[in-house]
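A.B. asks:
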Amino acid sequence: MTVRVHFLGSGNAFSDGGRANAAIHVTAPGVSLLLDCGGSALPAIKKHVDPATIDAVAVTHLHGDHFGGITFLVIEQHFAGRKKELVCAGPPSLEQRLRATEQALYPDFFGPVQLGFPLRTRVLGREPIELGGARVSALPIRHVRLAEPHGLRVEVGGKLIAYSGDARWTEELAAVSKGADLFICEASYFDRDDPAHISYKQVMTHRDEFEAKRIVLTHLGAETLAHLSDLELEHTTDGTLIEI
Ligand SMILES: [Zn+2]
């Protein structure tokens, strides 16, 4: 079975290079799962995909460029007449942070208006759960503690997709990628040593330890974008489609 991994949004928090925040659409027959839904994800989604076809969102951590677009997706789907459930799964505080975001952005809607479809929140952890037709588990990685970061392992159509979210190098990141058919790894920086993000150079240093069949870089910041011609690994831009 072919699994499609469509990078609708491939950018970092600052939209360097004019790229949209993280939004990675994984599809296969019976599967429609969005990995992250950053603040600017909705216009990026709408360029390629009918949002109504998205069944679930798996969130890597609670930073706006990874979950800030969910509220826009929800309100858009309400007015688009959605009836089908939307499931959002992520770190333990996802539900609380979504409710806070709703109240910050549209208090006149969330609460006073009955949402036209069921919106459910789930917590991801080591035990895989069924999500958007895939099986998804999450393992802890190191980024910024308050964002409750984890990496994702997505089993779909007999394939394993691993996703770093935002993470600095630790052996925990290698546990996320181990055995993956496709490892989606952030590369905010080219060679900068950062306490919250892995760099391209560090990805190359630890390439074998990831034990992934294929590595694709996303979440490229300005420093990495300035070195595109030096990258020996596949990398994404908004709209990049990978089939595995
Ligand atoms: Zn980020």
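For the sequence shown, the numbering used here gives the first residue as 19, with consecutive numbering after it. Quick reminder that beta carbons are idealized off the backbone N, C-alpha and C, glycines included.
(1) What is the rounded straight-line gap between the Cα of aspartate 73 and the Cα of leucine 149?
(2) Would you say the beta carbon of alanine 31 comes nearer than 7 Å to a heavy atom of ligand 1?
(3) Out of Ile93, Lys219, Ala107 and Gly134, which has the shortest C-alpha to C-alpha gap to valine 172?
(4) At 3 residues or longer, what runs of the beta strand (DSSP E) sit wholly inside the region 191-239?
(5) Is it the case that the Cβ atoms of lysine 228 and phenylalanine 208 are separated by a distance below 8 Å?
(6) Does the Cβ of aspartate 184 lie closer than 7 Å to at least one heavy atom of ligand 1?
(7) In whole angstroms, give me the CA-to-CA distance for valine 162 and alanine 62.
(8) Roughly how far, in whole angstroms, is the beta-carbon of valine 21 from the beta-carbon of glycine 175, given that I think they are within contact range, below 8 Å?
(9) From the DSSP output, in three-state form, read off leucine 53 for me.
(10) Beta carbon of alanine 40: closer than 7 Å to some heavy atom of ligand 1?
(11) Looking at histidine 253 and ligand 1, is the gap between the Cβ and the nearest heavy atom below 7 Å?
(12) With which residues is phenylalanine 25 paired in a DSSP beta bridge?
(13) Any idea which residues DSSP pairs alanine 70 with across the strands?
(14) Please tell me whether, using a cut-off of 7 Å, the distance from the CB of aspartate 83 to the nearest non-hydrogen atom of ligand 1 is below it.
(15) Quick one: is phenylalanine 85 buried, meaning 16 or more other Cβ sit within 10 Å of its Cβ, or exposed?
(16) Please list, in chain order, all residues of the same chain as lysine 196 whose beta carbon is under 6 Å from its beta carbon, the five residues on each side excluded.
(17) Between the Cα of leucine 51 and the Cα atoms of His96, Ile93, Ile179 and Thr89, which residue gives the shortest distance?
(18) Could you give the residue range of the beta strand (DSSP E) that holds threonine 119?
(19) Express the C-alpha separation of alanine 122 and isoleucine 93 in angstroms, rounding to a whole number.
(20) Mind checking whether the beta-carbon of histidine 237 lies closer than 7 Å to any heavy atom of ligand 1?
(21) Consult DSSP for serine 182 and reduce its assignment to one of helix, strand or coil.
(22) For histidine 263, which residues in the same chain have their Cβ closer than 6 Å to its Cβ, ignoring the five residues on either side in sequence?
(23) Only counting the same chain, and skipping five residues up and downstream in sequence, which positions put a Cβ closer than 8 Å to that of proline 146?
(24) Please work out which residues of its chain come closer than 7 Å, Cβ to Cβ, to valine 214, disregarding the five sequence neighbours upstream and downstream, and give them in chain order.
(25) Beta carbon of proline 158, beta carbon of glutamate 190: below 8 Å?
(26) From the DSSP output, read off the bridge partner residues of arginine 138.
C.D. replies: On the basis of the coordinates in this document:
(1) As a first step, residue 73 is located in the sequence shown; it is residue number 55 there, counting from the start. As a first step, residue 149 is located in the sequence shown; it is residue number 131 there, counting from the start. C-alpha separation (whole angstroms): 8 Å.
(2) Here the question's residue 31 lines up with position 13 in the sequence shown. Alanine 31: yes, Cβ under 7 Å from ligand 1.
(3) In the sequence shown, residue 172 corresponds to position 154, counting from 1. For the residues Ile93, Lys219, Ala107 and Gly134, the minimum Cα distance to valine 172 belongs to Ala107.
(4) 200-204 and 233-236
(5) In the sequence shown, residue 228 corresponds to position 210, counting from 1. In the sequence shown, residue 208 corresponds to position 190, counting from 1. Sequence inspection shows phenylalanine at residue 228; the lysine mentioned does not correspond to that position. For phenylalanine 228 and phenylalanine 208, no; Cβs fall outside 8 Å.
(6) Stepping through the sequence shown from its first residue, residue 184 is reached at position 166. Taken from the Cβ of aspartate 184, at least one heavy atom of ligand 1 lies inside 7 Å.
(7) Residue numbering aside, residue 162 sits at position 144 when the sequence shown is read from its first letter. Residue numbering aside, residue 62 sits at position 44 when the sequence shown is read from its first letter. Whole-angstrom Cα-Cα distance: 26 Å.
(8) If you number the sequence shown from 1, residue 21 lands on position 3. If you number the sequence shown from 1, residue 175 lands on position 157. Between glycine 175 and valine 21 the Cβ distance is about 5 Å, and since that is below 8 Å, they are a contact.
(9) Indexing the sequence shown from 1 puts residue 53 at position 35. In this structure, leucine 53 counts as strand in the three-state DSSP scheme.
(10) Indexing the sequence shown from 1 puts residue 40 at position 22. Correct: alanine 40 has its Cβ closer than 7 Å to ligand 1.
(11) Counting from one through the sequence shown, the residue named residue 253 turns up at place 235. No; taking the cut-off as 7 Å, the Cβ of histidine 253 has no heavy atom of ligand 1 nearer than that.
(12) Taking the first residue of the sequence shown as position 1, residue 25 is located at position 7. According to DSSP, which records beta bridges pairwise, phenylalanine 25 is partnered with Ile42 and Thr258.
(13) Here residue 70 refers to the residue found at position 52 when the sequence shown is read from its first residue. According to DSSP, which records beta bridges pairwise, alanine 70 is partnered with nothing at all.
(14) Stepping through the sequence shown from its first residue, residue 83 is reached at position 65. Yes, ligand 1 has a heavy atom inside 7 Å of this Cβ.
(15) If you number the sequence shown from 1, residue 85 lands on position 67. Under this definition phenylalanine 85 is a buried residue.
(16) Within the sequence shown, numbered from 1, the residue matching residue 196 stands at position 178. The answer, listed in chain order, is Glu229.
(17) As a working note, residue 51 is residue 33 in the sequence shown. Comparing Cα positions, the closest option is Ile179.
(18) For the purposes of this step, residue 119 is taken as residue 101 along the sequence shown, with counting starting at 1. No beta strand (DSSP E) holds threonine 119; the alpha helix (DSSP H) holding it covers 112-123.
(19) Translated into positions along the sequence shown, residue 93 becomes position 75. Translated into positions along the sequence shown, residue 122 becomes position 104. For isoleucine 93 and alanine 122, the distance between alpha carbons rounds to 14 Å.
(20) Locating residue 237 in the sequence shown gives position 219, where the first residue counts as 1. Flag set: Cβ of histidine 237 near ligand 1.
(21) For this step, residue 182 is matched to residue 164 along the sequence shown. For serine 182, the three-state secondary structure derived from DSSP is coil.
(22) Lying before the first or after the last residue shown, residue 263 is absent from the chain, which here runs from 19 to 262.
(23) Taking the first residue of the sequence shown as position 1, residue 146 is located at position 128. Hits under 8 Å: Arg153, Val154, Ser155, Arg171 and Glu173.
(24) In the sequence shown, the residue the question calls residue 214 occupies position 196. In the sequence as presented, valine is not what sits at residue 214; that position holds alanine. The residues His161, Val162, Asp184 and Arg186, in chain order, have a CB closer than 7 Å to that of alanine 214 in the same chain once the five nearest residues on each side in sequence are set aside.
(25) Here residue 158 refers to the residue found at position 140 when the sequence shown is read from its first residue. Here residue 190 refers to the residue found at position 172 when the sequence shown is read from its first residue. In this structure, glutamate 190 lies closer than 8 Å to proline 158 by Cβ.
(26) Against the sequence shown, residue 138 aligns to sequence position 120. According to DSSP, arginine 138 bridges with Val105.
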